[in-house]
Amino acid sequence: MRRFTLLAVAIVSACPAPPPEPPGDEGEGEGEGEPVPDSTEELPFATWPCDRLDAFPHALTSTVTPLLLHFRRADERAEAERLLGYLEEGWRLEIDELGLAEPLPDTTDDGGYGCGEDERLDVFLWAGHEESFVDVVAERAATATEDYATMMVVDPYGPYGGDVLRCTALHELHHMSQAALDWWDAAVVYEMSATFVEDTVAGCHDSWEFALEEIQESPELPIDLDDGYAGWFMYGQALYLVFLQQGVFDGDSAFLAQMWQGMPSPAGEDPDYQDALDALLAPHGMSFLDTVPRYARWRWYTGARDDGAHFARGALYPEVEVGSVDATGPTSIVVRPALLGTSYLAVSGEGSVTLDVEGVPAGARVVVQALPGDAADGDVLTLPAAVTLPRTLAVTALPDGPTDVDARSTAPLALTVRLTR
Ligand SMILES: [Ca+2]
Ligand SMILES: [Ca+2]
Ligand SMILES: [Ca+2]
């Protein structure tokens, strides 16, 4: 499968960019004898660069990683050195220090190579391509799991280059690492995880936080929705991993490497990333599903509602969409969260009302929270419940019983929130 891995970068990044490390030795045919001629032909967008090594006649070899960086023209050398420096830094931060899996060499079972002329991992600097992505070139057929070697394309002159090239490089490198373990899990985990790495390992914030607008506008959608790359939803859900890091794992990002180690499986089979999280969360007394309402609570403490006790950058995050209802008299309103989604409802009025939720279908259950709580940041209500107004309600729909990310409905429910005096 070619899982297309676009990286979102719409805002100029303010992430710190230390000077790149010096590149390794002169690559492939350079540094001795006649200079290598440039390739200047226009390459069609759909060109598979592994099939056109002749169009990338220049190369840089990394002396500290198994990366080989191909480029087309001698005057691209400075950008090639910058990109290779970032990838080497990313390798150190993500693989050596955080413990994410080392990308697989691209040897094939028949003794050949998935790309290029040796087992090194090929990176193509492709000016004018505009996009940046990682794709698979060789599977380990001897294992039953979906483990692959990869190649990478980066355009340092396109929208994901320039000031955000470092963010892009560290994001894409994580895709290489993902493929070494499991290239066929739930779609959301790939961009969610790579964007989280961009945020927490690379220190890049502005390069992705624009994507939060999309998820905060639609909290009723499942947090694990596969939007088919229609927008930035799967990138914005990096917020869920930021929540786990800050709200569950005491600021430690090591859980990410452990999650990936727990994911390998044959295509379409368990464990998926949610199963892997179940195992990691058990010592914390919760399951993956238990984190969904907790995450819903954190998402409300954003923007002007940030209280300094939730997301570290919560004041800068867009506020989650909240509907409203006036409960001066008896009233009811229909909310439509999908399973693993949350509808927020600001209830105005005075005094106390009795709250209940009707229309919960078989196979579903709801968790209703009052925000803020009477004595803490939120109260989980036992229905029917007395609620003092005004108050915001977070109505989270969850599956009741066994559930799986690959089989769960993403359709909205129709739940009636009834408020009586
Ligand atoms: Ca290779
Ligand atoms: Ca395999
Ligand atoms: Ca899996």
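For the record, in the sequence shown the residue sitting at position 152 is 151 according to numbering that gives the first Met the number 0, with numbers rising by one throughout. Every residue, glycine too, gets a C-beta built ideally from N, C-alpha and C.
Is it buried or exposed for residue i, if we count other Cβ within 10 angstroms and need 16 for buried?
i      : result
Ser61  : buried
Pro22  : The pLDDT assigned to Pro22 is 45, lower than 50, so where the model puts this residue is not dependable, and the model offers no usable value.
Ala406 : exposed
Trp47  : exposed
Gly26  : Per-residue confidence for Gly26 stands at a pLDDT of 48, beneath the threshold of 50, marking its modelled position as unreliable; no derived number is given.
Thr395 : buried
Asp24  : With a pLDDT of 42 at Asp24, under the threshold of 50, the predicted position of this residue should be treated as unreliable, though the coordinate-derived value follows. Asp24 comes out exposed.
Val63  : exposed
Arg420 : exposed
Ala253 : exposed
Ala393 : buried
Asp403 : exposed
Glu78  : buried
Asp53  : exposed
Report the CB separation of residue i from residue j in whole angstroms; it is logged as a contact under 8 Å.
i      : j      : result
Leu67  : Val122 : 7 Å
Ala237 : Trp207 : 6 Å
Val319 : Val416 : Not really, about 17 Å apart at Cβ, beyond 8 Å.
Leu42  : Ala168 : Wrong, their Cβ atoms sit about 21 Å apart, outside the cutoff.
Pro383 : Leu354 : 6 Å
Leu255 : Phe195 : 7 Å
Val333 : Leu344 : Between Leu344 and Val333 the Cβ distance is about 11 Å, and since that is not below 8 Å, they are no contact.
Ala100 : Leu164 : Contact doesn't hold; Cβ gap of about 24 Å is too wide.
Tyr428 : Met262 : Nothing can be reported for residue 428: it is not among the residues displayed for the chain, which extend from 0 to 420.
Leu418 : Thr330 : 5 Å
Please state the DSSP three-state secondary structure of residue i.
i      : result
Ala148 : strand
Thr327 : coil
Gly322 : strand
Glu357 : strand
Val11  : Residue placement at Val11 is poorly supported in this model, since its pLDDT is 31, which falls under 50; the coordinates are not used for a value here.
Ala187 : The residue you asked about is not Ala; residue 187 is Val in the sequence shown. Residue state, collapsed to three classes: helix.
Pro398 : strand
Gln257 : helix
Ser433 : As displayed, the chain neither begins before 0 nor continues past 420, which places residue 433 out of reach and without an answer.
Leu99  : coil
Arg81  : helix
Leu220 : coil
His283 : helix
Val346 : strand
Arg304 : helix
Check this for me: beta carbons of residue i and residue j, under 8 Å apart or not?
i      : j      : result
Pro336 : Glu219 : yes
Ala326 : Ser347 : yes
Leu338 : Ser264 : no
Pro270 : Gln368 : no
Trp125 : Tyr147 : no
Cys149 : Leu120 : Checking the sequence, you will find Thr at residue 149 rather than Cys. Yes, these two residues count as a Cβ contact at 8 Å.
Leu172 : Glu96  : no
Glu197 : Gly157 : no
Asp117 : Ala140 : no
His128 : Phe44  : yes
Val250 : Gln244 : The sequence given here places Gly at residue 250; Val does not occur at that position. Yes, the pair counts as a contact, with Cβ atoms nearer than the cut-off.
Arg304 : His204 : no
Leu414 : Arg296 : no
Taking C-alpha atoms, which residue in the options lies nearest to residue i?
i      : options                           : result
Ala201 : His170, His283, Leu180 and Glu318 : His170
Tyr189 : Pro282, Trp231, Pro158 and Gly160 : Trp231
Asp223 : Gly98, Asp373, Phe287 and Asp376  : Phe287
Ala374 : Thr387, Pro383 and Val365         : Thr387
Phe266 : Glu197, Ala185, Asp378 and Tyr294 : Going by the sequence as given, residue 266 is Ala instead of Phe. Of the candidates Glu197, Ala185, Asp378 and Tyr294, the one whose C-alpha sits nearest the C-alpha of Ala266 is Ala185.
Val321 : Pro329, His309, Thr301 and Gly307 : Thr301
Ser342 : Val153, Pro34 and Tyr294          : Tyr294
Asp226 : Pro36, Val187 and Glu216          : Val187
Ala73  : Gly89, Leu82 and Pro56            : Pro56
Leu211 : Leu164, Pro317 and Ala45          : Pro317
Ala178 : Ala314, Phe132 and Tyr228         : Phe132
Thr391 : Gln215, Gly372, Glu268 and Gly400 : Gly372
Met233 : Ser217, Phe248 and Ala275         : Ser217
Would you say the beta carbon of residue i is closer than 7 Å to some non-hydrogen atom of ligand 4?
i      : result
Ser286 : Absence of ligand 4 is noted for the structure shown, with ligand 1, ligand 2 and ligand 3 being the only ligands found.
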